[in-house]
Amino acid sequence: MKQPEANEHLRPNTFIETPFFQEIVKRTSQYIHFGFPIHFVGPSGVGKTSLAMFIASQLNRPVTIIRGNPEMSNVDLIGGYFGFSKKELIDNYIHSVYKKEQEVKPKWINGQLVEAVKQGHTLIFDEFTRSKPDTNNIFLSILEEKVLPLYGNPKEPYIRVHPNFSVIFTSNPDEYAGVFQTQDALLDRFITIDLDYCDTDTEMKIIHHRAGVNMEEAKMIAQLVSRIRVRCRNANKQGPSLRTSIMIASIAQKAQIPMDPMNRQFQMLCSDVLWLSVCRCQSYMDKQAVKECILEELQNMKKSGHS
99 MKQPEANEHL
109 RPNTFIETPF
119 FQEIVKRTSQ
129 YIHFGFPIHF
139 VGPSGVGKTS
149 LAMFIASQLN
159 RPVTIIRGNP
169 EMSNVDLIGG
179 YFGFSKKELI
189 DNYIHSVYKK
199 EQEVKPKWIN
209 GQLVEAVKQG
219 HTLIFDEFTR
229 SKPDTNNIFL
239 SILEEKVLPL
249 YGNPKEPYIR
259 VHPNFSVIFT
269 SNPDEYAGVF
279 QTQDALLDRF
289 ITIDLDYCDT
299 DTEMKIIHHR
309 AGVNMEEAKM
319 IAQLVSRIRV
329 RCRNANKQGP
339 SLRTSIMIAS
349 IAQKAQIPMD
359 PMNRQFQMLC
369 SDVLWLSVCR
379 CQSYMDKQAV
389 KECILEELQN
399 MKKSGHS
């Protein structure tokens, strides 16, 4: 059974506070304070997990992180019997009498949720829709009746939820591969906040912070990726994520590639990193046309004043 990631290091200093995020943080923190669980949903790479970790770090409570996967079961969440515990009693007080008693009992090990619920942790259930709905049903009683049932544990059939316990769920949209459709009964119990890609100014600051490039270079990369996203949205497809922008900036910085739209090395780097995203968006294009599309956007960046 996987062990809980309680008190996992959140590294809140990696989160860039901008007006774009500050408003979301303010609203979300208020909802949590009033006792409502939060659900961040949005495409991959928009910062759902980082946002959840930052908010959790502001609550000044221990944090438990669970990451959804299709193999997860109730045993992982609430616990079960694993192995045995043995107790021996040897009575040889009277030398002529030797008495030995042995007791073997199945050993119960708590799952990831138990300590969080008991001690009032902030729980981040990351990508919870990658776990099967039957597994996630355990949260119906946690959020509604405020109890965590411990199926199969005769000594402690349930535990009451600590009043400070709170939950932040994150998930990708239903159309993503590898996710299960969440039951309406569970969705009805929390506040779902739809997250989209951040504005160019916010993305620029994140690129600058994460990749160590200067603000002008970060701005150019943010605008380039934003242009590609527009093409993808026009085709009703998801575009490249923030991770893509950071990847371009980080590689260019480490490889000392000039971040110039007309530099051949930089063009090849952008083509390699962005190619798959454009292919998915512009499925009617052949491979060469996709590369030309990326080159065209780079040339447009040059015309718009980026050097």
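To convert, note that position 177 of the sequence shown is 275 in this note's numbering; the numbers rise steadily by one, no gaps.
Don't be surprised by glycine CBs; every beta carbon is placed ideally from N, CA and C.
Item: Inter-residue spacing [alpha-carbon to alpha-carbon] between G177 and S339; Value: 37 angstroms
Item: C-alpha gap between G337 and A320, whole angstroms; Value: 13 angstroms
Item: 3 or more residues per run - each beta strand (DSSP E) lying fully within the stretch 138-172; Value: 161-165
Item: Unbroken stretches of the alpha helix (DSSP H), 4 residues or longer, contained in the stretch 267-327; Value: 282-285 and 298-309
Item: Closest residue to R165 among I130, N158, F364 and L175 (Cα-Cα distance); Value: L175
Item: Collapsed DSSP secondary structure at P117 in the structure displayed; Value: helix
Item: Cα-Cα separation, E225 to L211; Value: 16 angstroms
Item: Stretch-stretch touch, CB-based, cutoff 8 angstroms, three pairs: the stretch 131-149 with the stretch 282-292; Value: yes
Item: For S375, three-class secondary structure by DSSP; Value: helix
Item: Whole-angstrom C-beta distance between P271 and R458, which should lie under 8 angstroms; Value: Lying before the first or after the last residue shown, residue 458 is absent from the chain, which here runs from 99 to 405.
Item: Simplified DSSP state of M99, which is helix, strand or coil; Value: Because M99 sits at a pLDDT of 41, beneath the cut-off of 50, its placement in the model cannot be relied upon, and the following sentence gives the value as read from the coordinates. Coil, per DSSP.
Item: Under the three-state DSSP convention, the category E390 falls into; Value: helix
Item: Cβ-based neighbour list, T342, same chain, cut-off 8 angstroms, excluding 5 preceding and 5 following; Value: G143, V323, V371, L372 and S375
Item: Rounded distance between the beta-carbons of I130 and S264, thought under 8 angstroms; Value: 5 angstroms
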